[in-house]
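Presented below is the structure to which this report refers.
2 protein chains.
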Amino acid sequence: MKTYSQEELKALTTPEAKTLCEDIRRYLVDQVMSTGGHLASNLGIVEVSLGLLRVFNLPDDHVLYDTGHQSYVHKILTGRAQAFSALRTYGGISGFPKRSESEFDSFGAGHSGTAVSAALGFSRARALQNPKDHSQHTVAVLGDGALTCGMVYEALNNIRPSDNLIIILNDNDMSISKSVGRLSRYLSKVRKSKRYLSMKVKSHHVLDRIPLVGAGIERGLSRMKRSLKSIVYRSNLFEQLGIYYLGPANGNNLEEVERLLIEARRHRGPVLVHFITKKGCGYAPAEEDPGRYHSVSASAGECVTFSEKFGETLCELASADDKVVAITAAMESGTGLSAFHSRFPKRFYDVGISEEHGMTFAAGLSAGGVKPVFAVYSTFFQRAYDQLFHDLSLQNLGAVVALDRAGFADTDGPTHHGLFDVSLTLGLPGVEVYSPATHRELCRTLRAAVKDFDTATTVLRYPKGSEKAEIVRRFPCNGNVERWDSGQNARVLILTYGRITEQALLAADRLKAVGVECTVVKILKLKPFDREALAHVLRDDVFDLCYCLEEGILSGGFFEGLVLRLSAEERLIANRFSIRAVEDSFVPHGKYAELISHTKLDATSVSREIASLL
Amino acid sequence: MKTYSQEELKALTTPEAKTLCEDIRRYLVDQVMSTGGHLASNLGIVEVSLGLLRVFNLPDDHVLYDTGHQSYVHKILTGRAQAFSALRTYGGISGFPKRSESEFDSFGAGHSGTAVSAALGFSRARALQNPKDHSQHTVAVLGDGALTCGMVYEALNNIRPSDNLIIILNDNDMSISKSVGRLSRYLSKVRKSKRYLSMKVKSHHVLDRIPLVGAGIERGLSRMKRSLKSIVYRSNLFEQLGIYYLGPANGNNLEEVERLLIEARRHRGPVLVHFITKKGCGYAPAEEDPGRYHSVSASAGECVTFSEKFGETLCELASADDKVVAITAAMESGTGLSAFHSRFPKRFYDVGISEEHGMTFAAGLSAGGVKPVFAVYSTFFQRAYDQLFHDLSLQNLGAVVALDRAGFADTDGPTHHGLFDVSLTLGLPGVEVYSPATHRELCRTLRAAVKDFDTATTVLRYPKGSEKAEIVRRFPCNGNVERWDSGQNARVLILTYGRITEQALLAADRLKAVGVECTVVKILKLKPFDREALAHVLRDDVFDLCYCLEEGILSGGFFEGLVLRLSAEERLIANRFSIRAVEDSFVPHGKYAELISHTKLDATSVSREIASLL
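Top to bottom, those sequences are chains A and B.
Each residue of the first sequence is one higher than the last, beginning at 364 in the numbering used here.
Each residue of the second sequence is one higher than the last, beginning at 364 in the numbering used here.
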């Protein structure tokens, strides 16, 4: 794929630009099928991304891709086509916009719904610094899924008639699973009604010239005109928020895209351009099954995952207990809840990209007498910390919060790693925290949490992917604290929990080979900590070194608090303590093996560090 | 004030009920002027609260007061009139709804925007358990300010036509400072236009019978009817979300209130009742200046507060530097930004109750080249943790996050204490955290943060109220780490930070009186920790005991990590370490002195504990 300069892109004739779109599609399919990544949404946004680069002047104009998984075409066309073979690989380019990667990535993303807020910041900053210069533009590109996210609405509510801000609504009727809620139905009506679309095209130049923003809104007939427009477009929702509305238009027709972008560029004040695009556009398999091609995995299919085990167990529990209900925030498939949805449609709630609402909704369900289980990725849970605090923990309400993707989230990188959930949840009074390391542990803790559903919120955190065979092989996985010894004369105690236990075991093997025997203790229940169970498995042993291994941030993590308590005890379990966790920095994207090596949590680093400490 | 049973309230004739409203108003003014608390909003909601109790069957029907500061009348009328003299006092009733306080408080509150989510939970839980029983109702009572909060929108978007849910919009055109954003202007139009109101009353029974929810929406003329209604009511926003709209009506007219509540109760499916109420209604001083009577303080006026010093310093900085801008989330006055707003209106942004948006907006402003300072209460910051993580910290963007009300927030209680911010912010890579203990330190750190506004987000956390004289007297407050000795032969080192330093000093005085000399070290910069400055002030001293005192949660707090590092060092600064912080439980409401005593952080407890440890 050729690398184009911005000038070259602008100089292309429309037929040449259309040919480029086809080239990009082919390139995307080739690359992403081999590297893995988000395919369908990027195929759908080819014309919009190219149009933005041809109509606006990047990087002086700022284009912000919300969530950012649909920024591949933007990356290809802003000097990163050659880098694409290293997409989402360790040291390679990110699957999301990243300021440090390119001046064309105005604002990083990964979590949904941030682009309008940030774009408003850019726009206001520019207005303050150059109040008379209207030549620069700020564009936020949103998927329709982002409109389920409350932050977007907070931002829309803050837009003033004087804000120069362009919002592109890339409406492909499918966020990650499917869009939920009233707004989605509303957009769907706009889309499905061909009549509105054709009326729109015909009446475009007449109706769109009616002044609707600022003073014009108050004038004479404007109310009647608004109502007329509302009948044509059904776009009141945006216009009631004072945002000039353009569309809907076919976002896979380059001429139409560029025509509307030019019009949006000319407009003073906030404007929303509604493009309807086809997810997977131009690649038949992805067009037919965009869900399957939403995110393509480069690796071979893994064994059963934690997510699947979670979903399976929850189905069992739900068939035995009418009160069990499941919540997801737009991650039905990712959290393993598809089967639950099919089997118990009335007890399944996909709340959209609304983690905050999801958590408080769970609290309301619990107060109302049923048993909510909210499955959410660890990183997205960060959005609902206050709701866990204020609505569940503070009220001692029973609920299960299942944190999927706890620990490294591989190739998705720093916006998606789940490294903070332990430090966030340990501080919350009354909340119980478990970190299952095997499917068996997950199933058991989930069953117990649902059975003893009383006055405590239980957090279950488990990683992406499948259990590690080494852990299954060496631990029966039937207690809060378990022990495995590499020999009779262990000098070193390795304390750990969750998936990284595998590396502790492998490190013990390496150390055994050089004559150092270790005891590995795996902890399941992080809070409240089961001190008795630890004393029981440790018997009266005292070690030279207690080495703690944690796949999570050091500060406020599990071992900071635990080691402090253990080292303050009368009878020390070890002469020395040492913690290896994720230090005070963000971890890049890459394969799990690369990331544990990057953070020195892998068996090689661990065994070396232990040897050096002895 | 008499205690009424629910039956007695229902049995009152309308004239009797109106008399009761007057009695309640007098009682509220008498009580709240002496106990302190929220006055104006409660005076405004008397008829609505009484109407809800007369029309619905509590506690079988659930009424959820959003945010909850306007639940006083509800409390008075649900068996807590006698308890009112102890409102917001230690051991007395809470200023917010609390499940543990009364079965009539269906759901606790304190942070805005949670009631619709929770009410939806109650409603769905009921529908699951008793699908055929429509006799029970769930009511969420929202102020107009809550409509600036994204969570509410997430919840509204999740409401289905089949949900039995009543939302009361208590619209008094004034959330805490003033409502912001487009929606507020939209509501204001509805309110101000008398014509709409009178048309509404006349056409009420005709127009409101037009079916708008569910299948009806698709039928023949419904589009035209909707447009007609939109001209009359301008209520499209709610109806587009599939919610049947009733109002606007005078919420201080008991007959009108009860008529609409009865209609809402009869309606199947989601319904929003829009009441216009007068903040301070019935008490002339509060009607004239509702802002002043929003929250009445029982204590005598304090000296200059941290918030005021913050605002003052920020004004200075803004006059010297065009790039300085300020953000608040509906807390202009509370965060001391009123003068800034007057002096720099173009550089002041009140984003409404939108902490999430506020933080990402700050990130956008920073990326756009200006210098955002976001002032937010510590407890409300919990809502924007993910945005600090994802948009500021991860991108290394410069910003100042000023966390007001860090530490105990007195009589407001557990929903308002700022005890978690240190544990939340310490884990974030690249974020710098300061905890000024005096006005001078606040001003100095704020100036430095704005001056060196480069690639790091600076968090400044400071308490409610004023600086403590003891701290000012004994520390010059000019370094990251400072030392004060009660004598030449200190055996005990007390490490501490922030306001609680006062108690450390007073404890040292008490210990001195019994012959134990102490060194008190106050830390200003929590992250990155200034190890050299500590070494410098400690010289080569070694203590018997290092006692750490923290006005914040223990788990993940400042001292857990610090003590671990200090006790792992080659040359220990003390033979023993001990941490006193807020243990794993929520702290109730009460005066500061009561709360530090409750948590054993007061000088008496500290000196006793130190003596016992020696």
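C-beta atoms are modelled at their ideal positions from N, C-alpha and C, and glycine is treated no differently.
Counting only Cβ-Cβ distances below 7 angstroms, A/Val502 has no contacts in chain B at all, with the closest Cβ about 13 angstroms away. Bounds of the alpha helix (DSSP H) holding A/Thr967 are Ala966 to Leu976. The Cβ of B/Arg837 sits no closer than 8 angstroms to any Cβ of chain A. In terms of beta-carbon proximity, A/Gln745 lines the interface with chain B, with at least one pair separated by less than 8 angstroms. Taking 9 angstroms as the Cβ-Cβ cut-off, the segment 716-735 of chain B approaches chain A at Ile716, Ser717, Glu718, Glu719, His720, Gly721, Met722, Thr723, Phe724, Ala725, Ala726, Gly727, Leu728, Ser729, Ala730, Gly731, Gly732, Val733 and Pro735, given in chain order.
Under the Cβ distance rule, B/Glu464 does not count among the residues neighbouring chain A, no pair being separated by less than 8 angstroms. Proximity of A/Glu517 to chain B, defined by a Cβ-Cβ separation below 8 angstroms, is satisfied. Closer than 8 angstroms to the CB of B/Asp749 there is at least one CB belonging to chain A.
Looking from the CA of A/Leu889, the closest CA among A/Val739, A/Arg824 and A/Leu635 belongs to A/Arg824. Below the 8 angstroms Cβ cutoff, chain B contributes Thr723, Phe724, Ala726, Gly727, Ala730 and Asp754 as neighbours of A/Ala481, in chain order.
Membership of A/Cys678 in the alpha helix (DSSP H) is indicated by the continuous run Phe669 to Ala683. B/Gly455 and B/Ala446 have their C-alpha atoms spaced approximately 7 angstroms apart. In the three-state DSSP reduction, B/Lys954 falls in the coil class, being neither helix nor strand. Of the candidates B/Tyr646, B/Ile716, B/Leu782 and B/Ala726, B/Tyr646 places its Cα closest to the Cα of B/Cys384.
Cβ neighbours of B/His899 within its own chain (closer than 8 angstroms, five residues either side excluded): Val844. Looking at B/Thr774, B/Glu379, B/Phe470 and B/Asp848, the one whose alpha-carbon comes closest to that of B/Gly458 is B/Thr774. In the pairwise beta carbon analysis, the segment 749-761 of chain B is classified as touching the segment 713-730 of chain B: at least three pairs are separated by under 8 angstroms.
Pairing B/Ile529 with A/Val736, the inter-Cα distance amounts to about 25 angstroms. Residues Leu751, Leu755, Ser756, Thr788, Ala819, Thr820, Thr821, Val822 and Lys890 of the same chain have their beta carbon placed closer than 8 angstroms to that of A/Val794, with the five preceding and five following residues left out of the count.
Shown here, B/Ile408 sits in coil according to DSSP, grouped into three states, outside any helix or strand.
The continuous beta strand (DSSP E) containing B/Leu856 extends over residues Val855 to Tyr860. Under the 10 Å beta carbon count, A/Asn527 is surrounded by 16 or more other beta carbons and is classified as buried. Judged by their CB atoms, A/Ile716 and A/Pro633 are not nearer to each other than the 8 angstroms cut-off. Residue nearest to B/Thr430 within the set B/Trp847, B/Leu623, B/Thr477 and B/Ser412 is B/Thr477 (criterion: CA-CA distance). Burial is judged here by how many other beta carbons sit within 10 angstroms of a residue's own beta carbon; A/Cys911 has at least 16 and is buried.
Taking a Cβ-Cβ threshold of 9 angstroms, the residues of chain B close to A/Ser786 are Ser786, Leu787, Leu789, Gly790, Ser918 and Gly919, in chain order. Counted as a single uninterrupted DSSP element, the stretch harbouring B/Leu766 is not any alpha helix (DSSP H) but the beta strand (DSSP E) occupying residues Ala762 to Asp767.
Between A/Asp424 and A/Val504 a beta carbon distance of about 12 angstroms is seen, past the 8 angstroms cut, so the two are scored as non-contacting. At least one C-beta of chain B is nearer than 8 angstroms to the C-beta of A/Ala488.
Residue-level contact by beta carbon fails for B/Thr859 and chain A, as no gap is shorter than 8 angstroms. Distance from the CA of B/Arg389 to the CA of B/His474, rounded to the nearest whole angstrom, comes to 28 angstroms. With distances taken between CA atoms, A/Lys709 lies nearest to B/Ser525 out of B/Leu887, B/Gln851, B/Asp652 and B/Ser525. Counting only residues of its own chain and dropping the five nearest sequence neighbours on each side, B/Ala449 has a CB closer than 7 angstroms to the CB of Gly455 and Ile456. Residues of the segment 942-953 of chain A whose Cβ lies closer than 9 angstroms to any Cβ of chain B, in chain order: Ile942, Glu946, Asp947, Ser948 and Phe949. Taking the Cα positions, B/Asn420 is about 8 angstroms away from B/Gln369.
With contacts defined as CB atoms closer than 8 angstroms, A/Asp713 and A/Glu695 qualify as a contacting pair.
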